[in-house]
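Report on one structure; see the data block that follows.
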């Protein structure tokens, strides 16, 4: 994977772990949302200035973004973790119960 793609994957993974939308991160970093999407897909080459702005917005360093290993965890798990981050234990229990019910329903419909 080339360096620009790895940076994009790293930014997307960090954003997802925080439960943020592209629009939210783009605004926090002073970027246009479509440009952030292109960065995350590795389509656009990112400048050091933009990398620095993203690192600040994500609460990390440029080095951490550049050095993050290629993702091995499931993207869906990261998305779910981001959604649960600010929920109370009671809300988490409700969401788990709902997800378990939906999973069973989907399984029975095969």
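Residue numbers (my numbering): 40 to 149. Beta carbons: idealized from backbone N, C-alpha and C, even for Gly. Values in this document were obtained by computation on a predicted structure and should not be read as measured data.
| Item | Value |
| --- | --- |
| Unbroken alpha helix (DSSP H) run spanning residue 91, endpoints | 87–97 |
| Pairwise C-alpha distance: residue 82 and residue 137 | 37 Å |
| contact_flag[the stretch 87–102, the stretch 49–69] where n(CB pairs < 8 Å) is 3 or more | yes |
| Reduced DSSP secondary structure (H/G/I, E/B, other) of residue 69 | coil |
| Residue 47 classed as buried or exposed, judged by whether at least 16 other C-beta atoms fall within 10 angstroms | buried |
| Reduced DSSP category for residue 82 - H, G, I as helix; E, B as strand; rest coil | coil |
| Assigned exposure category for residue 116 - 16 Cβ within 10 Å defines buried | exposed |
| Three-state class that DSSP yields for residue 137 in the structure shown | helix |
| Short Cβ contact (9 Å threshold) for residue 58 with residue 122 | yes |
| Alpha carbon of residue 85 to alpha carbon of residue 104, nearest angstrom | 12 Å |
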